[in-house]
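Peer 1: Sending over a structure as structure tokens; questions will come in a sec.
Number of protein chains: 2
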Amino acid sequence: MLKNTLLPKIIAFDVFGTVVDWHSSISNELKNLNLGIDPDLFANAWRKGYYPAMARVRSGELPWTKIDHLHRMMLDQVLKDFKITSLSEEQKKELNLVWHRLVPWPDTVEGLTRLKAKFTITTLSNGNLSLLSNMAKNGALPWDLILSAEVFKHYKPDPETYLGVAELFEISPNEVMLAAAHTDDLLAAQQCGLQTAYIHRPFEFGQKSPKNMPNVDFFDYSVNNLLELSQILCKSAL
Amino acid sequence: MLKNTLLPKIIAFDVFGTVVDWHSSISNELKNLNLGIDPDLFANAWRKGYYPAMARVRSGELPWTKIDHLHRMMLDQVLKDFKITSLSEEQKKELNLVWHRLVPWPDTVEGLTRLKAKFTITTLSNGNLSLLSNMAKNGALPWDLILSAEVFKHYKPDPETYLGVAELFEISPNEVMLAAAHTDDLLAAQQCGLQTAYIHRPFEFGQKSPKNMPNVDFFDYSVNNLLELSQILCKSAL
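Protein sequences, first through last, are from chains A and B. Be aware that the first sequence starts at 1, since it is given in our numbering, and climbs by one per residue. Be aware that the second sequence starts at 1001, since it is given in our numbering, and climbs by one per residue.
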């Protein structure tokens, strides 16, 4: 599995799906709202609007818009699509903040804690800073630093995000590793010279929609969770 | 002492002098270099260049320049003033990074940990992100978030920094408190509507140059350390 013998100085983590289980977190909150809809379908529909919404910012069609506001635009559309009219404005605001309360995968906190002992660990997420810091506080995520698209005013996969991490620390891009559950994110990071670790999260879209293992030949590492990543990298760092 | 009964949602901390003891940290490293100079005087001379250097950025004379680079410009000048020519480029680079290794005041880690249980705690420092995250890692500072002038591309006391914290969290400025050992920082924050807590650090400039207690009548709180601040605020938050 080990293809790159240079150890990274910084490990930057994608967050939604890689570090936290957005699908279960959202569908569980939806269940409690008793909206008479399939919470699995609703959660996936909400998430489906994510890339198109960011694309509108990346293309310049929309000015810089933080994820909280994109999530709200997408929520309003999904509520319309699911013909839900029973939520008050206050309830919609509260539901939109579910993204601040996403729950870590079972291996996340221990995996990050072990990695933190040997490396600097940061987020590199499209989530905004308040979202990521509230999530870290709720979920006890032990980040050394919280970096966001909001700092670079560019959304991943724009190169400014990946290269931005290296620039902030004045290191070369290949001293930064991106850890992510999404091949498009990893390929874009690799194009910028970063090391890459694929984290397989088969149930990112729920138990009913398992993700197949993609082709990971291009990446430096491929693991099933963050404990596995810590075992490989911390052993090498001894 | 309690003048403002609204509790803050976010406490933003000035860092150099307020959270960490830059003077001792720097003079201790200087002692080990055996440069034949008074380390107390050298440390204070280095720090003295800080406000003028930032003023050059704030006025637009210099483009955005991170503190690491301003520190290096100031270091080169102070080395010249102290007629020190014995340091190699590698040693100068290493010495300049002493600001990443500044040691917390004795009350800091416990005070911040207690405050973190009730509030969101963030830095609001002119130090750059890599400096602040390295410092937090070295000193076990338990920040919820690391915010820097580098995020806002404005140095304190520009209003963009204080208001920026409130904007990121979409709260009103008076729901943010600035905790700082410097009255100019606190007054500027207060002008922007923030709550203010003065932390008295009499030996910020060393044991030989004690700071007098300034007039703190304008501030919401005045305390001697972060444990005192936690006692007052956490009690009120019960």
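Backbone N, C-alpha and C define an ideal beta-carbon position, used for all residues, glycine too. All figures in this text were calculated on a predicted structure; none of them were measured in a lab.
When you compare the region 10-19 of chain A with the region 117-127 of chain A, are there three or more beta-carbon pairs, one atom per stretch, that lie closer than 8 Å?
Peer 2: Flag = yes, the region 10-19 of chain A and the region 117-127 of chain A touch.
Peer 1: Can you tell me which of Leu-75/A, Thr-113/A, Asp-76/A and Ser-27/A puts its alpha carbon nearest to the alpha carbon of Glu-228/A?
Peer 2: Glu-228/A has its Cα closest to that of Thr-113/A, out of Leu-75/A, Thr-113/A, Asp-76/A and Ser-27/A.
Peer 1: Could you have a look at Ile-1171/B and say whether DSSP puts it in helix, strand or coil?
Peer 2: Correct three-state label for Ile-1171/B: coil.
Peer 1: Quick check: is any heavy atom of the ligand NAP less than 7 Å from the C-beta of Gly-193/A?
Peer 2: Judged by which ligands are present, the structure shown has none, so any question about the ligand NAP falls away.
Peer 1: Among Thr-1085/B, Gly-1193/B, Lys-1235/B and Asp-1144/B, which residue has its Cα nearest to the Cα of Thr-123/A?
Peer 2: Cα-wise, what sits closest to Thr-123/A is Asp-1144/B.
Peer 1: Compute the Euclidean distance between the alpha carbons of Pro-1214/B and Trp-1105/B, then round it to the nearest angstrom.
Peer 2: Looking at the two C-alpha atoms, the distance is approximately 20 Å.
Peer 1: In chain order, what residues of the same chain lie with their CB nearer than 6 Å to the CB of Glu-1070/B, ignoring the 5 residues before and after it?
Peer 2: Strictly speaking, residue 1070/B in this sequence is Leu, with Glu absent from that position. Excluding sequence neighbours, Leu-1070/B sits near Ala-1053.
Peer 1: Kindly give me the distance between the Cβ atoms of Asp-81/A and Ala-45/A, rounded to whole angstroms, as I take these residues to be in contact under 8 Å.
Peer 2: Asp-81/A to Ala-45/A, Cβ: 7 Å. Contact.
Peer 1: Any idea if Leu-1002/B is buried or exposed, counting beta-carbon neighbours within 10 angstroms, 16 or more meaning buried?
Peer 2: Only weak support exists for where Leu-1002/B lies, its pLDDT of 48 falling under 50; the value from the coordinates is given anyway. By the 10 Å Cβ count, Leu-1002/B comes out exposed.
Peer 1: Give, in chain order, every unbroken run of the beta strand (DSSP E) that is at least 3 residues long and sits entirely within the region 129-171 of chain A.
Peer 2: Here the runs fully enclosed are 145-148.
Peer 1: Kindly list the residues whose CB is nearer than 8 Å to the CB of Ala-43/A, restricted to its own chain and excluding five residues on each side of it in sequence; keep chain order.
Peer 2: Excluding sequence neighbours, Ala-43/A sits near Trp-22, His-23, Ile-26, Ser-27, Leu-30 and Gly-206.
Peer 1: Step through the CB atoms of chain A and report whether any lies within less than 8 Å of the CB of Phe-1119/B.
Peer 2: By this cut-off, Phe-1119/B is not an interface position.
Peer 1: Helix, strand or coil: how does DSSP classify Thr-65/A here?
Peer 2: It is coil, neither helix nor strand.
Peer 1: Anything in chain A within Cβ reach of Ile-971/B, meaning under 8 Å, just list it in chain order.
Peer 2: This structure gives no information on residue 971/B, because the portion of chain B shown stretches from 1001 to 1238.
Peer 1: Excluding the 5 residues flanking Val-216/A on each side, which residues of the same chain have their C-beta closer than 7 Å to its C-beta?
Peer 2: Taken in chain order, the residues that qualify are Tyr-198 and Ser-222.
Peer 1: Which residue comes first and which comes last in the beta strand (DSSP E) that contains Ser-222/A?
Peer 2: Element bounds for Ser-222/A: 221-223.
Peer 1: Compute the beta-carbon to beta-carbon distance between Leu-115/A and Ser-230/A, rounded to the nearest angstrom, for a pair I have assumed lies under 8 Å.
Peer 2: The pair is a contact, with the Cβ atoms about 5 Å apart (cut-off 8 Å).
Peer 1: By the criterion of Cβ-Cβ separation under 7 Å, what are the contact partners of Phe-169/A in chain B?
Peer 2: By Cβ distance, chain B contributes Ser-1130.
Peer 1: With 16 as the cutoff for other CB atoms within 10 Å, does Trp-1064/B come out buried or exposed?
Peer 2: The residue is exposed, with fewer than 16 neighbouring Cβ atoms inside 10 Å.
Peer 1: Does any residue of chain A bring its CB to less than 8 Å from the CB of Ser-1125/B?
Peer 2: So no, Ser-1125/B is outside the interface.
Peer 1: Measure the beta-carbon distance from Val-1019/B to Thr-1108/B and round it to whole angstroms, keeping in mind my assumption that it falls under 8 Å.
Peer 2: Going by Cβ atoms, the distance from Val-1019/B to Thr-1108/B rounds to 5 Å, so yes, they are a contact pair.
Peer 1: Considering only residues of the same chain and omitting the five flanking positions on each side of Ile-1171/B, which have a CB-CB separation below 6 Å?
Peer 2: Excluding positions up to five away in sequence, the list reads Lys-1009.
Peer 1: Taking the alpha-carbon of His-1200/B as reference, which of Thr-1183/B, Leu-1194/B and Gly-1193/B has the nearest alpha-carbon?
Peer 2: Answer by Cα proximity: Thr-1183/B.
Peer 1: Hey, is Ser-1133/B's beta-carbon within less than 8 Å of any beta-carbon in chain C?
Peer 2: No chain C appears in the structure shown, which is made up of the protein chains A and B.
Peer 1: Strictly below 7 Å CB to CB, what residues from chain A border Ala-1136/B?
Peer 2: Asp-144, listed in chain order.
Peer 1: Is the region 1031-1038 of chain B touching the region 1125-1140 of chain B, taking contact as three or more C-beta pairs under 8 Å?
Peer 2: The region 1031-1038 of chain B, when compared against the region 1125-1140 of chain B, does not touch it at the 8 Å Cβ threshold.
Peer 1: Give me the residue from Pro-1159/B, Lys-1211/B, His-1154/B and Val-1015/B with the minimum Cα distance to His-1100/B.
Peer 2: The shortest C-alpha separation from His-1100/B is found at Val-1015/B.
Peer 1: Which of helix, strand or coil does DSSP assign to Phe-42/A?
Peer 2: The answer is helix: DSSP assigns Phe-42/A an H, G or I state.
Peer 1: If you run the structure through DSSP and keep just helix, strand and coil, what is Met-1073/B?
Peer 2: Three-state DSSP puts Met-1073/B in a helix.
Peer 1: Leu-1229/B lies in the alpha helix (DSSP H); which residues open and close that run?
Peer 2: First-last of the alpha helix (DSSP H) with Leu-1229/B: 1226-1236.
Peer 1: For Pro-157/A, count neighbouring Cβ atoms within 10 angstroms of its own Cβ and tell me buried if that reaches 16, exposed if not.
Peer 2: Answer is buried; the Cβ neighbour count reaches 16.
Peer 1: Return the first residue and the last residue of the beta strand (DSSP E) that Gln-1195/B is part of.
Peer 2: Looking at the DSSP string, the run of the beta strand (DSSP E) that includes Gln-1195/B is 1195-1199.
Peer 1: For Val-1151/B, which residues in chain A fall below 7 Å Cβ to Cβ?
Peer 2: Simply Val-151.
Peer 1: Look at the Cβ atom of Asn-1174/B, then the Cβ atom of Leu-1006/B, and state whether they are nearer than 8 Å.
Peer 2: Cβ distance < 8 Å, so Asn-1174/B and Leu-1006/B count as in contact.
Peer 1: So, are the CB atoms of Glu-1155/B and Arg-1058/B less than 8 Å apart?
Peer 2: As written in the sequence, residue 1155/B is Tyr, which differs from the Glu given in the question. For Tyr-1155/B and Arg-1058/B, yes; Cβs fall inside 8 Å.
Peer 1: Just to confirm, is the Cβ distance from Phe-169/A to Thr-196/A under 8 Å?
Peer 2: No.
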